[in-house]
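Working notes for the structure below.
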Amino acid sequence: MLLNKIMGRIKKYIEINGKKFWTLFDTGSRNTYVTEEVAINLLTFDLPKVNPVSLGGSVHNISKGCILICKIEGYDVTDDARVMKKIGKDDDGKEIEILLGALTMQQWGIIPVPEKEDIDMSRYPKEFVEF
1256 MLLNKIMGRI
1266 KKYIEINGKK
1276 FWTLFDTGSR
1286 NTYVTEEVAI
1296 NLLTFDLPKV
1306 NPVSLGGSVH
1316 NISKGCILIC
1326 KIEGYDVTDD
1336 ARVMKKIGKD
1346 DDGKEIEILL
1356 GALTMQQWGI
1366 IPVPEKEDID
1376 MSRYPKEFVE
1386 F
């Protein structure tokens, strides 16, 4: 058995208003980010102040947020996201349009399976229990 198997990053299309957007599922990022091109399809709002965010080796000044309403493997997912001009490219040189962060994955029961370069939606909540 090969213990040092190289695990890939999880990338797949998710759907917003019938359009597909290339998404990186990134547990190393706390928050979720979308490009301006994606945000055109979503409800956006101005943030009360500019938020500097260090991402991909650069500092980005984020001044807009949005409500992300999407389908991931057929499941409805909503969350807030920060809007950026560009997120960057994946390992294959393809532009990342959405960076789905750990908080969104945790809230919606999205389990990364890096050895398969896929996600597991078996823990998607059927209801939210609040205390």
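Using the working numbering, you'd call the opening residue of the sequence shown number 1256 and step up by one each time. Here a beta-carbon is modelled for each residue, glycine too, at the ideal position from N, C-alpha and C. Model, not experiment: these values are computed from the prediction.
- The C-beta separation of Glu1352 from Thr1278 comes to about 7 Å, placing the pair in contact by the 8 Å criterion.
- For Thr1290, the three-state secondary structure derived from DSSP is strand.
- By the C-beta density criterion, Gly1320 is buried, having at least 16 other C-beta atoms within 10 angstroms.
- Note that the C-beta distance between Met1339 and Tyr1288 is below 8 Å.
- Residue pairing for Gly1320: DSSP places it in a beta bridge opposite Phe1300, Arg1337.
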